[in-house]
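Numbering (UniProt numbering), first residue to last: 1 to 342.
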Ligand code: SF4
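Laid out in structure tokens, this is it:
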């Protein structure tokens, strides 16, 4: 395991071995339930989890990755580790997924900043080492860019569909791809979330800690409300959309064009990204993080901000996604189905 200082653990707390860290600090887990001096860490852990259930990224008290007082760093690390304990006590998978996603995005921000610190070689070296130790990617800093072997680049960019990620659109020199700090970190986004999720899954579940009961119950109740509400197929949906939903519900593969149609249709009907995402859960290649990223992209809430529209019936016919019935007559786009009748 990589040797880290206190401020690095605060930025990348998933690098710490939870049980060992608390033991080294001399705090038995059970003490956190009753000791008033340790209450701030517990409250922060609870807050950290709540923020993740709301789809946000927990904002720490670190300023530019540093803390003015050592206890702040300690609370940062404790709160992460205690959050894992709370997740385990709830037994809610939704909480694991939400927290892993939020913490991965938070770590991403720190890694990107550290890689971009031209004047602080130690920070850059450490960020490079973290990426190497966790994901086995050899990165070399060259001027303002980071060189990554083509093989590593291809391995980690396979799930990216945007044109800019195609190797042909990247600057390649001597078998290495040159990336900015932002793109370097983006490359490991998926793995970072998976890594944090696996750390949580592999952590042992402790017995209930006296003093944690209310928080655990509240988190369970929040998670129950987050349980995906499945979209009901109603008569208002046109056959192309019903068909796409059926394909996904059967766990079969829906082509990219079909997913695009379904997502843009439902977005245009006012459904939120969170409501639509569960529909893709049965897809053979489902990945929550990528699904949310792509849905946010289509909704215009991330990336360029462009809001994508549902393709026309004509276009869908050429993509073999149209299953027209008489009620489809006279419409030019699936979103008109049920509104404009003969
Ligand atoms: S005509 Fe349009 S709305 Fe009807 S099934 Fe085909 S694509 Fe869908």
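Glycine included, C-beta positions come from ideal geometry on N, C-alpha and C.
Taking a cut-off of 8 Å for Cβ pairs, the stretch 77-97 and the stretch 38-52 touch, as three or more such pairs fall below it. When rounded, the separation of the alpha-carbon atoms in residue 212 and residue 119 is 44 Å. Here the alpha carbons of residue 95 and residue 53 stand approximately 7 Å from one another.
In this chain, the alpha helix (DSSP H) harbouring residue 111 covers 93-115. Relative to the ligand SF4, residue 328 has its C-beta within less than 7 Å of a heavy atom.
In this structure, residue 254 has its CB at a distance of at least 7 Å from all heavy atoms of the ligand SF4. In the three-state scheme derived from DSSP, where H, G and I count as helix and E and B as strand, residue 321 is classed as coil. Taking non-hydrogen atoms of the ligand SF4 into account, the C-beta of residue 334 is found less than 7 Å away from one of them. In this chain, the alpha helix (DSSP H) harbouring residue 128 covers 121-135. With a cut-off of 7 Å, the C-beta of residue 310 is classified as distant from the ligand SF4, since no heavy atom of the ligand falls inside that distance. Looking from the CA of residue 14, the closest CA among 194, 30, 171 and 247 belongs to 194.
Short of 6 Å from the beta carbon of residue 105, and not among the five residues preceding or following it, lie these beta carbons of its own chain, in chain order: 57.
Taking a cut-off of 8 Å on C-beta distances, the stretch 311-329 touches the stretch 234-247, as three or more cross pairs fall below it. In this structure, residue 97 lies near residue 288, with their beta-carbon atoms less than 8 Å apart.
In the DSSP assignment, residue 145 falls within the beta strand (DSSP E) that extends over 145-149. At the C-beta level, residue 115 and residue 146 come within 8 Å of one another.
A distance below 8 Å between beta-carbons, with the five flanking residues on each side excluded, links residue 215 to the following residues of its chain, in chain order: 42, 46 and 86. Taking 7 Å as the cut-off, one finds no heavy atom of the ligand SF4 near enough to the beta carbon of residue 244.
Partner residues in a beta bridge of residue 72, as assigned by DSSP, do not exist. Set against 7 Å, the gap from the CB of residue 331 to the closest heavy atom of the ligand SF4 is smaller. When beta bridges are read from the DSSP output, residue 177 appears opposite 148 and 172. Taking the Cα of residue 206 as reference, the smallest distance to any Cα among 25, 91, 336 and 283 is reached at 91.
Where residue 241 is concerned, the enclosing alpha helix (DSSP H) starts and stops at 239-249. Residue 140 has 147 as its beta-bridge partners, per DSSP. The beta carbon of residue 21 sits closer than 8 Å to those of 9, 77 and 81, all from its chain and outside the five residues before and after it, given in chain order. Taking residue 338 as the centre and dropping the five residues before and after it, the same chain places the C-beta of 236 closer than 6 Å to its C-beta, in chain order.
Sixteen is the threshold: when 16 or more other Cβ atoms of the shown chains lie within 10 Å of the Cβ of residue 179, as they do, the residue is buried.
Under the three-state reduction of DSSP, residue 153 is assigned to helix. Excluding its 5 nearest sequence neighbours in each direction, residue 247 has C-beta neighbours in its own chain below 6 Å: 254, listed in chain order. Put simply, the backbone Cα of residue 277 is about 7 Å away from that of residue 291.
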